[in-house]
Amino acid sequence: MSAARLHVVTGKGGTGKTTVAAALALALATGGKRTLLIEVEGRQGIAQLFDTPPLPYEERKIAVAPGGGEVRALAVDSEAALLEYFEMFYRLGMAGHALRRMGAIEFATTLAPGLRDVLLTGKAKECVNRRDADGRPAYDAVVLDAPPTGRVVSFLDVTKAMADLAKSGPIHSQAEGVVEVLHSPLTAVHVVTLLEELPVTETLETLDELAAAGLRPGAVIANQVRPQWLPDRSVAAAAGGRVDAARIRASLASAGLDLTPDVIDGLVAETVEHAQRVHAEAVALARLDASSAAPARLELPRLIGGVDLGGLYELAETLCAQGVGGSAARERKSGPGPGYPLTTSSGTRS
Amino acid sequence: MNAMKTPAVLDVDALLDDPTTRVIVCCGSGGVGKTTTSAALAVRAAERGRRTVVLTIDPAKRLAQALGLQILGNEPAAVSSVDGDLHAMMLDMRRTFDQMVQTHAEPGRAEAIIANPFYQTISSSFSGTQEYMAMEKLGQLVATGDWDLVVVDTPPSRSALDFLDAPQRMSTFLDGRMIRLLSSPARAGGRGLRKLVGGAFTLFAKAVSTIIGGQMLTDASAFVQAFDTMFGGFRERANATYELLRSPGTAFVVVAAPEPDALREAAYFVDRLSAEEMPLAGLVLNRTHPVLAELSASKARNVADELRGAPLATAVLRLHADRVDLAGREESLLARFTGAHPTVAVTSVPVVADVGDLDGLREIGTRLADGGPHPQATALRSAR
Chain E
7 MSAARLHVVT GKGGTGKTTV AAALALALAT GGKRTLLIEV EGRQGIAQLF DTPPLPYEER
67 KIAVAPGGGE VRALAVDSEA ALLEYFEMFY RLGMAGHALR RMGAIEFATT LAPGLRDVLL
127 TGKAKECVNR RDADGRPAYD AVVLDAPPTG RVVSFLDVTK AMADLAKSGP IHSQAEGVVE
187 VLHSPLTAVH VVTLLEELPV TETLETLDEL AAAGLRPGAV IANQVRPQWL PDRSVAAAAG
247 GRVDAARIRA SLASAGLDLT PDVIDGLVAE TVEHAQRVHA EAVALARLDA SSAAPARLEL
307 PRLIGGVDLG GLYELAETLC AQGVGGSAAR ERKSGPGPGY PLTTSSGTRS
Chain F
61 MNAMKTPAVL DVDALLDDPT TRVIVCCGSG GVGKTTTSAA LAVRAAERGR RTVVLTIDPA
121 KRLAQALGLQ ILGNEPAAVS SVDGDLHAMM LDMRRTFDQM VQTHAEPGRA EAIIANPFYQ
181 TISSSFSGTQ EYMAMEKLGQ LVATGDWDLV VVDTPPSRSA LDFLDAPQRM STFLDGRMIR
241 LLSSPARAGG RGLRKLVGGA FTLFAKAVST IIGGQMLTDA SAFVQAFDTM FGGFRERANA
301 TYELLRSPGT AFVVVAAPEP DALREAAYFV DRLSAEEMPL AGLVLNRTHP VLAELSASKA
361 RNVADELRGA PLATAVLRLH ADRVDLAGRE ESLLARFTGA HPTVAVTSVP VVADVGDLDG
421 LREIGTRLAD GGPHPQATAL RSAR
């Protein structure tokens, strides 16, 4: 993760990619750095996360990172970006807004779907390459909250998008510059997943697609990982419904906790569900590990209270503890989550 | 456990059994389990005696297998292992679109339209196409009269609202005014518009054609000319489907996970349905973690701290305490939703570990039907 300055964060819907992108931007800003968090889907997810009013289309400071760093945020509006681009070559003046109201801008980007993506990735590239007056990069890192896994490769595959566009002209040559940055070690694509079957399947598919398109995977970030409380040796049996209720009852009674059979039954049922979840997570982890394409892995805990601003800092700290922002991420580390090893070959790949 | 305001209960079986329920639309934001919920509703309806068809959008492989959908058929196929009359299908948006063109275009024109590169772009990658085609297919299924009940899943859009807007967006897009403007701005648009944007529009049109290529605009013009003749039929269909959604035989079921984002989307959707006078059946709060044992989190943690040499019992207490916290959070998220939407009926569906087959879908169906304010009993029973 160390060489990259453009961090593209994707993930299946519902995996929390915007949250992870924000935590990553905070983590990378830790210790006096400056990062930019870019949102491209027009949902104002960053503003909701940081509890601020909707972001305008401009870079503005949104958070202070531990150790004096700073996170700025930019909500790119693709229609505004297109108008901005036209302005550079053609003087549209106020008419630009009228065109937008008429739907002309949306129409143009629909005619050539690649145009929108070229503009958005182009904006990210410009931020990565921008220099201060003293020649230093304006941002130590740029984190892009990208479209979900289903769309991310076509979003980043500017080469393909260029086929939609005219064979020459200003946007074409800009796109060539974007291709160069996205395919260089400056860029890493991180995939956020839950340790569940469907998100892991999509993650593995996305890693393959990224490789085929010549894009570099960064880390797989397992999000919302919950703690494992059961001893490893009890997991398989409990997941199969075998829990020694009498022993639990006796142990609790010895600690002065006398519970009715109903309550014991309830605890056993909860334990079975817990074990099934731990087992499913272990299967999911094994599938990730078995994939040759799987890069370094990071893990983030599920925050029971939900993700508020404090929670974001907590997640950023967890990322830092796993090597983000400092030394390179440790390979295949086992994080705070499940340690339950799959000893059998039950970690099958579909 | 339910000290907070208890919402009305969504009675799923009454909804499924009601002969006047002809269409159930499952909607919600991405990743909340819409596809699984619609499949479970359909299986339950069929096994309760209704001739049912379920239209899924992009089912996971194992769910598709559970429904016997190995191939993308675009026509309903019987699900033989169900104890009742159930058909299932996956939406093939391209083929649905092609069929629409073939049905509505003037003789001889259909081939030209389908071969047009611009049509190929629109029919495969316009952001509203999938939503539109899902609604079109729904209209077709209802029109056959072959089924008592059509259950429809909605596309995995960024926002639950997208599919309501898609037909309108598509109509605006295809009515050709914009393409005429771009390809010959001097003639189209009327004087008012020209006055407003002046020469800038000509410049804009030039810029657009420089960037996206003149060929694309030429294709687009040709497409619009060919499409013009069938446009009336097209718009009529879109309006008819919209009216079908507003009719009393339709029931919208909003699916949400007990997470802030998903519930916020659900709230937007509920408001929107009411603004459009569309019939809302209720909210499915999916994958909840109800507490199954009456024991407070603090008590459990205190005892766990003191226990020595009993790793199993300690683990049980700690995982129970976590679960109490999680259930508390889920309940307060739901309370926030019902506080703002007190009339919306709710059913909670406790999480099912593995939904890989028909029995998994039946189990979800049971929980859907049972999951009012007392999900505990169901979860306990199914945990054996």
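Order-wise, the sequence lines are chains E and F. Offset between the first sequence (1-based) and my numbering: plus 6. Offset between the second sequence (1-based) and my numbering: plus 60. All C-beta atoms, glycine included, are put in the ideal place defined by N, C-alpha and C.
For residue j and residue i, the rounded distance between their alpha carbons
i: residue 416/F; j: residue 221/E; result: 33 Å
i: residue 335/E; j: residue 303/E; result: The pLDDT assigned to residue 335/E is 38, lower than 50, so where the model puts this residue is not dependable; a value taken from the coordinates is nonetheless given after this. One C-alpha to the other measures close to 8 Å.
i: residue 226/F; j: residue 189/F; result: 7 Å
i: residue 394/F; j: residue 312/E; result: 14 Å
i: residue 228/E; j: residue 77/F; result: 42 Å
i: residue 317/E; j: residue 101/F; result: 37 Å
i: residue 14/E; j: residue 207/E; result: 19 Å
i: residue 324/F; j: residue 396/F; result: 10 Å
i: residue 89/F; j: residue 340/F; result: 16 Å
i: residue 75/F; j: residue 81/F; result: 7 Å
i: residue 223/F; j: residue 213/F; result: 11 Å
i: residue 115/F; j: residue 169/F; result: 30 Å
i: residue 137/E; j: residue 12/E; result: 15 Å
i: residue 146/E; j: residue 243/E; result: 49 Å
i: residue 264/E; j: residue 347/F; result: 31 Å
i: residue 174/F; j: residue 206/F; result: 29 Å
i: residue 296/E; j: residue 34/E; result: 29 Å
i: residue 202/F; j: residue 197/E; result: 40 Å
Chain E residues whose Cβ lies nearer than 7 Å to that of residue i
i: residue 378/F; result: 235
i: residue 371/F; result: 237
Selection from the options that minimises the alpha carbon distance to residue i
i: residue 410/F; options: 146/F, 317/F and 149/F; result: 317/F
i: residue 194/E; options: 181/E, 200/E and 213/E; result: 213/E
i: residue 296/F; options: 199/F, 350/F and 286/F; result: 199/F
i: residue 28/E; options: 48/E, 150/E, 84/E and 130/E; result: 150/E
i: residue 181/F; options: 79/F, 123/F, 280/F and 118/F; result: 280/F
i: residue 387/F; options: 310/E, 89/E and 25/E; result: 310/E
i: residue 187/E; options: 128/E, 161/E and 255/E; result: 128/E
i: residue 261/E; options: 330/F, 362/F and 312/F; result: 362/F
i: residue 95/F; options: 379/F, 209/F and 127/F; result: 127/F
i: residue 50/E; options: 273/E, 131/E, 40/E and 81/E; result: 81/E
i: residue 47/E; options: 231/E, 134/E, 230/E and 19/E; result: 19/E
Assigned secondary structure, residue i (DSSP; H/G/I helix, E/B strand, else coil)
i: residue 39/E; result: coil
i: residue 18/E; result: coil
i: residue 380/F; result: helix
i: residue 342/F; result: strand
i: residue 150/E; result: strand
i: residue 423/F; result: helix
i: residue 213/F; result: strand
i: residue 155/F; result: helix
i: residue 429/F; result: helix
i: residue 246/F; result: Any reading at residue 246/F must be qualified, since the residue scores a pLDDT of 49, below 50, and its modelled position is unreliable; the value itself is stated next. Of the three classes helix, strand and coil, the one that applies to residue 246/F here is coil, per DSSP.
i: residue 295/F; result: helix
i: residue 362/F; result: helix
i: residue 197/E; result: strand
i: residue 353/E; result: Confidence at residue 353/E is low in this model, with a pLDDT of 36, below 50, so its placement is unreliable and the value that follows should be read with caution. Three-state result, residue 353/E: coil.
i: residue 144/F; result: coil
i: residue 303/E; result: strand
i: residue 56/E; result: coil
Neighbour list for residue i in chain E, Cβ cutoff strictly below 9 Å
i: residue 382/F; result: 232, 233, 235, 280 and 310
i: residue 317/F; result: 20
i: residue 385/F; result: 310 and 311
i: residue 389/F; result: 310, 311 and 312
Chain-ordered chain E contacts of residue i [CB-CB under 8 Å]
i: residue 363/F; result: 258, 261, 262 and 263
i: residue 413/F; result: 279, 282, 283 and 286
DSSP bridge partner residues for residue i (one or two, in chain order)
i: residue 143/E; result: 137/E
i: residue 408/F; result: 345/F
i: residue 371/F; result: Paired residues: none, contrary to the question.
i: residue 69/E; result: 77/E
i: residue 391/F; result: Bridge partners of residue 391/F: none, in fact.
Chain-ordered chain F contacts of residue i [CB-CB under 8 Å]
i: residue 204/E; result: 120
Chain-ordered chain F contacts of residue i [CB-CB under 7 Å]
i: residue 317/E; result: Near residue 317/E there are no residues of chain F at all, since even the closest Cβ is about 11 Å away, more than 7 Å.
i: residue 210/E; result: Here the premise fails: no neighbours, minimum Cβ distance about 13 Å.
i: residue 254/E; result: 372, 373 and 376
i: residue 273/E; result: 353, 376 and 380
Chain C contact for residue i (CB, 8 Å cutoff)
i: residue 205/F; result: Here the protein chains are E and F, and chain C is not one of them.
Distance cut-off 7 Å: residue i Cβ against heavy atoms of the ligand NAP
i: residue 303/E; result: What this structure holds is no ligand at all, so the ligand NAP is not there to describe.
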